[in-house]
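Asker: Just dropping this structure here.
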Amino acid sequence: MTHTTTTSSPDSATTCGDAAWERLNATYVDAAEETSAAPPVSAKRRFLRRFLRSRVAVVALLVLLLGAAAAVFAPALAPVDPLAQDLGKVLRPPGGENLLGTDELGRDVLSRLLFGARVSLLAAVEGTAIALLLGVLPGLAAGYLGRRVDRIIMLFTDALMSYPAIILAIAIIGAIGPGLTNAMLAVGIITAPRVVRLVRGVVLGIREETYIEASRTIGTPTARIIVRHVLPNALAPVIVFGSIMAGQAMLIEAGLSFLGLGVQPPDASWGSMLGTAFRYVSRSPTLIVFPGLAIAVTVLAFNVLGDGLRDSLGRENRGER
Amino acid sequence: MAGLLVNRILRSVPLVLLITLGVYGLVFLIPGDPAATLAGDNPTPEQIAHIRQSLGLDRPAVEQYLGWLLDAVRGQLGQSLYTGADVTGMILDRFGVTAWLSVLAVLVAVVIGIPAGVLAAAARGSWIDRAITVAVTAGIAIPGFWLGLMLIIVFALQAGVFPAGGYTPISEDFGEWLLHVTLPAVTLAAAPAAELARHTRSAMLGVLEQDYIRSARAKGVAEWAVLIRHGLKNAAGPVITVLSFQAALLLGGSVIVEQIFGMPGLGSLAIQAVHDKDLPVLQGVVLVAALIVMIINLLTDLAYGFLNPKVRAV
Amino acid sequence: MITNGSRVEQPAMNETSAPVLAVEDLTVEVPVDRIWRPVVEQVSFSVRKGETLGLVGESGSGKTMTSLAVMGLLSRNSARIAHGSIRLTGQELVGAGRRQLDQLRGDRIAMIFQEPMTSLNPSMKIGEQIVEAVRRHRPVSRAEARRRAVEVLDLVGVPSAASRVNSYPHEFSGGMRQRAMIAMSLACDPDVLIADEPTTALDVTIQAQILDLLRQMRDELGLALLFITHSMGVVADICDRVAVMYHGQVVEQADADDLFERPRHPYTEGLLRAMPTLVVREGRLPLIPGRPPQATMRPTGCAFSPRCPYRIAACTEVPPALFSTGDTGVTRCIRPGLPLQGAT
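Here it is in structure tokens:
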């Protein structure tokens, strides 16, 4: 930065000192040009490098992949049919023939956990997907169009956010009836306003950037600007949010299924397993340990992954210290 | 300050209207003929007609809503479809349980979360910071109801210190009330305490880097006073935002906690209403919950004004 | 010419009055990749009552680190005093506990900072912030402390001080805030005031006012003033003595008049040449070519040698020791006899 002013040295070449300074200036300018010619690192590679460097985030990703694999290959992995009842061996403690014990109908807990992973993970993804589906478009519109559209959309999101999430979810289920799909719809509806706010915030941030301004002045249609410029920029924060959201969706689903408002028997999610285990808590306390652990670990993984993604996708690496 | 309050209340009128519209709109989410659905299995035509008339479903939608809203403003939330009881009365009966539980849980969360966050920020990078961060991460990921069950196993079933469930009103026996409400409050407070600690820590870290913190140290202010008077007070804005958000979430979380500990609060009322297909009760609970959240938000704005001299001046 | 410079380990000290603040052989280290490396090395200087010592250098030269070390404000995890001594009216500060330092800070030794906009607590009234300093160090009532607050605000030229004590910082202009900072630092009548670039963030006219105020306070209250700046113009304006820092070391120290007339270190010459006028310019010194080496990486030999136009082979071989120049000056250059050009 300093080399731009060096030529304006006031009284040049009058003493030996001056000549010496001038010579040095020349070498400095060369050096500056050399250093600035370093090859640019692509954004994708920088993201990957940063992400892989944060070990916990990588572990979280592996945990989630493991969970997904368990869900997909549950039929092959499960030692027995998760629905097979055996009233001769109910509420067995862990160990022996049934690694994690049996439930109140003599069903194998490990098998039910593996199949439960299908429901729980699917529910998390479904709830998040619905929230994004409902939230992205209004968020874009509010942020990009501004003015009255913004005010109306924000009024609606404010209203939706005024209901305590679980109570609203319960009310929606009360109206449309219990069941996993309805529960996930409710989760989607109650989280959509946060997506709206997030996307709106991102759009407000980049709307004033020069290149958007430039596209607008040469008459590019609004829809095209949004698809070409705004959406790609909103992608990173939405992905980060999506990961953390999936954890939250899983928690809410677990809560709703625990209350018997989500997945219906004989199918089971980790939440509904806890719901039934609760009734036998005094006779078989271990029954509630494993589904709860499964939920906690998965939600933790979603959160840590989200944090890791945010740190690696961020423009500045303030979080790296 | 008074101006800020009036301004804020006037601006929330459209929001309140929209919230009530949403609550009333629940009836339109019901698939098919709402009256027939709400009447339960194998209803007689008379039962359906009765429900239709009782909910005003035979009138035009706008008229239905306005009628319901006017009643609600007068404190009349209709009759239970299941028991025929007055919904307002049902809610008032149970309101105290949820309110006490929530207030206590917020207190626990504040008392644990904020000092933990301040401590973690002050000891940044140390083992204390790391231990608190681990606890926070766990607190956010652990499902509240699971924690509740574990607490029941350990403290009620094994140690026998606290009752596993039930409720005694505070007016009857304070000691019993405290015993009954401790485990639920701790359960409910875990997640908000963790969130509060996390956000307090990050807000404090931001503030502690500020020049005025260095100024305070330069005049020899004791470390605790630097942290509290100069640090926490300036970090309070984001902390209060999180607190109000968490308080609203906590109101939702109480539904599950009440269920676990068998407490007769608004949450268990709502769940009962879902099972009974008792729409007016459900609407009443949602409306009251939303209004409480609005009041929390209003108080938050006032707290902002109180803490930030720049806002207050406006 | 080298012959008339003799090796000394410490700057010669004038014995007319004992220094209020004496820093000797101070070395401060910061961790780089878990290894402690020096960013301030063997720095010695002293300030007497009523005297102003300028600590001059580019950003990263270690001048702020030095001042924070003197104040005991280095954050424990990110910097440490490796050795050396800091004596405040004879009392050793290196190794003193937090409690002991807290008692001295704001009382015997005070500091003002570069950014008056951010150096005051935004959520506390100006008066309260001064009262806090007073009550921390004096067993006085709140009302008495308040009176003192009004008094010092008045002293530093805040108009209608009696009502302005109730203002919040955001209601003050930049210049007024710096006056308030000065008032706060003077509230307990300290022996030493450290001013870290106190005028850099201010408008030119305000800068002059604040410099005038500091000079006046120094003379009236008999302060020992340690003035940290990157600007030779400011040095010329206010300092009696100057210590020039480069790469964590004092490379030259002399009376201000001598230094301006006849610099003994090529870096000082560069600084003087970089001084466009006496008007203070914001930012770095523009005219010395090259960059200072990274604070934690020391070249072999003289740290300035890569940028030095007078470099000879010997410069890159051994780190230069301090050579005394005249009565009170020292230079860290093996060619102290160079015909360097002063400010004209």
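Protein chains in written order, with this note's numbering: chain A, 1 to 321; chain B, 1001 to 1314; chain C, 2001 to 2344.
Built from N, CA and C at the ideal position, the CB exists for glycine as well.
1. Does chain B have any CB closer than 7 Å to the CB of C/Val2023?
2. Run the CB neighbour count on C/Val2280, radius 10 Å, all protein chains shown included, and call it buried at 16 or more, exposed below.
3. Quick one: which chain B residues come within Cβ less than 7 Å of C/Ala2133?
4. Could you give the first and the last residue of the continuous beta strand (DSSP E) run that contains C/Gln2249?
5. Quick check on B/Arg1201: does DSSP put it in helix, strand or coil?
6. Establish whether the CB of A/Tyr163 and some CB of chain B are separated by less than 7 Å.
7. CB-CB under 8 Å to C/Lys2049, same chain, minus the five flanking residues each way: which ones, in chain order?
8. Determine, using beta-carbon pairs with one atom in the stretch 1153-1165 of chain B and one in the stretch 1112-1132 of chain B, whether at least three such pairs fall under 8 Å.
9. Along chain B, in chain order, which residues have C-beta atoms closer than 7 Å to that of C/Leu2120?
10. Jot down the residue ranges of each uninterrupted alpha helix (DSSP H) in the stretch 2096-2137 of chain C, minimum 4 residues, whole runs only, in chain order.
11. May I ask you to list, following chain order, the residues of the stretch 2073-2099 of chain C that have a beta carbon less than 9 Å from some beta carbon of chain D?
12. Whether or not the stretch 1074-1087 of chain B and the stretch 1281-1294 of chain B are in contact is what I'm after, with contact meaning three or more pairs of Cβ atoms, one per stretch, closer than 8 Å; do they touch?
13. Which of helix, strand or coil does DSSP assign to C/Ser2163?
14. Just the chain C side, please: which residues come within less than 9 Å of B/Asn1308 by C-beta, in chain order?
15. How long is the line joining the alpha carbons of C/Leu2338 and C/Thr2052, rounded to whole angstroms?
16. List the DSSP bridge partners of C/His2230.
17. Sort out for me which residues DSSP pairs C/Tyr2246 with in a bridge.
18. Pull the bridge partners of C/Thr2052 from the DSSP assignment, please.
19. Run down chain B in chain order and give the residues with a C-beta less than 9 Å from the C-beta of C/Leu2104.
20. Could you tell me whether the Cβ of B/His1125 comes closer than 7 Å to any Cβ of chain C?
21. With three or more beta-carbon pairs closer than 8 Å as the criterion, would you say the stretch 2186-2205 of chain C touches the stretch 2130-2140 of chain C?
22. In whole angstroms, what is the alpha-carbon distance linking B/Gly1096 and A/Asp158?
23. If you follow the alpha helix (DSSP H) that A/Ser272 is in, where does it begin and where does it stop?
24. If you draw a straight line from the C-alpha of B/Trp1177 to the C-alpha of B/Thr1168, how long is it?
25. Which same chain residues, not among the five before or five after B/Leu1151, have their C-beta less than 7 Å away from its C-beta?
26. What does B/Gly1160 touch in chain A if you count any residue whose Cβ is under 7 Å from its own?
27. Taking A/Asp103 as the query, report the chain B residues whose CB atoms sit under 7 Å from its CB, ordered along the chain.
28. From what residue to what residue does the alpha helix (DSSP H) around C/Ala2022 run?
29. Return the residue from the list B/Asn1234, B/Gly1165, B/Ala1270 and B/Leu1279 that minimises the CA-CA distance to B/Gly1305.
30. Below 7 Å between beta carbons: does that hold for B/Val1255 and B/Ala1189?
31. Note the first and the last residue of the continuous alpha helix (DSSP H) segment covering C/His2265.
32. From the DSSP output, which residues share a beta bridge with B/Ala1222?
33. Inspect the beta-carbon positions of C/Glu2252 and C/Arg2262 and report whether they are closer than 7 Å.
34. Rounded to a whole number of angstroms, what is the C-alpha to C-alpha distance between C/Val2032 and C/Leu2074?
35. In this structure, does DSSP put A/Asn25 in helix, strand or coil?
36. Looking at the secondary structure, which residues open and close the alpha helix (DSSP H) in which B/Ser1102 lies?
Answerer: In brief:
1. Not an interface residue.
2. With a pLDDT of only 45 at C/Val2280, under the threshold of 50, the placement of this residue in the model should not be trusted, and no figure is reported.
3. Within 7 Å Cβ-Cβ: Lys1219.
4. Annotation for C/Gln2249: the continuous beta strand (DSSP E) segment containing it runs Gln2249 to Asp2255.
5. B/Arg1201: helix per DSSP, three-state reduction.
6. At a cut-off of 7 Å between beta carbons, A/Tyr163 contacts chain B.
7. For C/Lys2049, where only same-chain residues beyond five positions count, the Cβ hits under 8 Å are Ser2017, Val2020, Asp2191, Gly2222, Leu2223 and Ala2224.
8. The stretch 1153-1165 of chain B is not in contact with the stretch 1112-1132 of chain B.
9. Near C/Leu2120 (Cβ distances below 7 Å), the residues of chain B are Tyr1212 and Ser1215.
10. Correct list: 2098-2104 and 2126-2137.
11. Looking at the structure shown, chain D is missing, and the protein chains on hand are A, B and C.
12. These segments touch.
13. For C/Ser2163, the secondary structure class from DSSP, reduced to helix, strand or coil, is helix.
14. Result: Pro2122 and Ser2123.
15. C/Leu2338 and C/Thr2052 have their C-alpha atoms roughly 28 Å apart.
16. Its beta-bridge partners do not exist; DSSP assigns none.
17. For C/Tyr2246, which the question treats as bridged, DSSP gives the partners C/Gln2249.
18. When beta bridges are read from the DSSP output, C/Thr2052 appears opposite C/Leu2225.
19. For C/Leu2104, the neighbours in chain B by C-beta distance under 9 Å run, in chain order, Gly1220.
20. Here the sequence assigns Gly to residue 1125 of chain B, which means His is not the residue at that position. Chain C, which has a Cβ nearer than 7 Å to the Cβ of B/Gly1125, makes this yes.
21. Touching, per the Cβ criterion.
22. About 27 Å.
23. Element bounds for A/Ser272: Trp270 to Arg279.
24. Roughly 5 Å between the two C-alpha positions.
25. Scanning its chain for C-beta atoms nearer than 7 Å, with the 5 sequence neighbours on each side dropped, one finds around B/Leu1151 the residues Leu1183, Val1186 and Thr1187, in chain order.
26. Chain A residues near B/Gly1160: none, gap ~12 Å exceeds 7 Å.
27. Identification of chain B residues near A/Asp103 by a Cβ-Cβ cut-off of 7 Å yields none; the smallest Cβ-Cβ distance measures about 15 Å.
28. From DSSP, C/Ala2022 is part of no alpha helix (DSSP H) but of the beta strand (DSSP E) over Leu2021 to Val2032.
29. Relative to B/Gly1305, the option among B/Asn1234, B/Gly1165, B/Ala1270 and B/Leu1279 whose CA is nearest is B/Asn1234.
30. It is not a contact, given that the beta carbons lie outside the stated cut-off.
31. For C/His2265, there is no enclosing alpha helix (DSSP H), since its DSSP letter is neither H nor E.
32. Answer is none; B/Ala1222 lacks a bridge partner.
33. Between C/Glu2252 and C/Arg2262, the CB-CB gap reaches or exceeds 7 Å.
34. Straight-line Cα distance between these residues: approximately 16 Å.
35. The pLDDT assigned to A/Asn25 is 40, lower than 50, so where the model puts this residue is not dependable; a value taken from the coordinates is nonetheless given after this. Residue state, collapsed to three classes: helix.
36. If you look at B/Ser1102, you'll find it in the alpha helix (DSSP H) that goes Val1087 to Ala1122.
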